[in-house]
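Novice: 669 is the number that this note's numbering gives the last residue of the sequence shown; the numbers go up by one with no jumps. A virtual CB, placed ideally from N, CA and C, is assigned to each residue, including glycine. Model, not experiment: these values are computed from the prediction.
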Amino acid sequence: MIQLNQVTFSRTDGSTQRRIIDDLSITIGDGQQVALVGDSGSGKTTLLNLLAGLLVPTQGEIIVNDNLISHFNDNRLALYRRTIGVIFQHYQLLESLTVADNISFQVRLNGFIVERSQLDSLALRLGIVDKLDVLPNQLSGGEQQRVGIARAIINRPKVILADEPTGNLDSERSQEVVDLLQMLCSESNINLVMVTHSQRLAKQFQTQLRLKNGKLYD
452 MIQLNQVTFS RTDGSTQRRI IDDLSITIGD GQQVALVGDS GSGKTTLLNL LAGLLVPTQG
512 EIIVNDNLIS HFNDNRLALY RRTIGVIFQH YQLLESLTVA DNISFQVRLN GFIVERSQLD
572 SLALRLGIVD KLDVLPNQLS GGEQQRVGIA RAIINRPKVI LADEPTGNLD SERSQEVVDL
632 LQMLCSESNI NLVMVTHSQR LAKQFQTQLR LKNGKLYD
């Protein structure tokens, strides 16, 4: 479960303090899938970064799976970030590593073992099992984003945060990526919070949260 209780996040521009997130309260139930929509500058990515523990709220509380992450110190935030999955618009793959190593890199960095059979099984579901031993520059955009999904889900997180994961894909590939992501999250009861500009994709989600000037609106 994800809870935001009267969360505000402000930035100071010169002598002016600007509220990017303004007194936001949200509850997202276990396994719930949420689309975050809104114009550029509405606060979507800032909200995602707050949930990821990359930003600390100016006011209010953020609770993720009973963890009061808004009060965590840097060490506890680093440990928390190991328990969530993050998917980026620009893939953020390591060009010198194979697809298999990109998927398992963070898990191994955290001291855990990823069996090849586990990689093969997940890659098969995502349609990239024949790409595991190639480098990212040999992949299409859609294939690279599937690698990003595999990397986010390989450690079985309870929460996945996706920041416009289809932003660099055409309509057909966007649909494929979101369908796969939603299916995998549903099967494992994973909370999915996805930022998107696409109203068509947002309508596939159980819940749509619309942001404007850091506030929710209908």
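1) Roughly how many angstroms separate the alpha carbons of V507 and L530, rounded to a whole number?
2) For N561, which beta-bridge partners are listed by DSSP?
3) If you measure between the beta carbons of L502 and I453, is that distance less than 8 Å?
4) Take R462 as the anchor and find which of V598, S622 and T497 has the nearest alpha-carbon.
5) From P608, E615, L455 and G494, pick the residue whose C-alpha is nearest to that of V469; which is it?
6) Closest by CA to K609, which one among L575, I477, S637 and L475?
7) Nearest by alpha-carbon distance to P616: which of N664, G536 and V558 is it?
8) Among H648, R576, E512 and R559, which has the Cα closest to the Cα of G489?
9) Going by DSSP in three states, G494 sits in which element: helix, strand or coil?
10) Taking the straight line between their C-alpha atoms, what separation do you get for F523 and S547?
11) Pull up the CB-CB distance for V558 and K582, whole angstroms please, since I reckon it's below 8 Å.
12) Where do the N-terminal and C-terminal ends of the beta strand (DSSP E) with Q510 fall, by residue?
Specialist: The structure says:
1) Going from the Cα of V507 to the Cα of L530 covers about 15 Å.
2) The secondary-structure analysis by DSSP pairs N561 with nothing; it has no beta-bridge partner.
3) Contact flag set, yes.
4) Checking every option, the nearest Cα to that of R462 belongs to T497.
5) Residue identity differs from the one stated: residue 469 is Arg in this sequence, not Val. The candidate whose alpha carbon is nearest that of R469 is G494.
6) The residue with the shortest Cα to Cα distance from K609 is S637.
7) The candidate whose alpha carbon is nearest that of P616 is G536.
8) Of the listed residues, the one whose Cα sits closest to G489 is H648.
9) Three-state result, G494: coil.
10) In a straight line, the C-alpha of F523 is about 34 Å away from that of S547.
11) Actually they are not in contact, since the Cβ atoms of V558 and K582 sit about 19 Å apart, beyond 8 Å.
12) Boundaries of the beta strand (DSSP E) around Q510: Q510 to V515.
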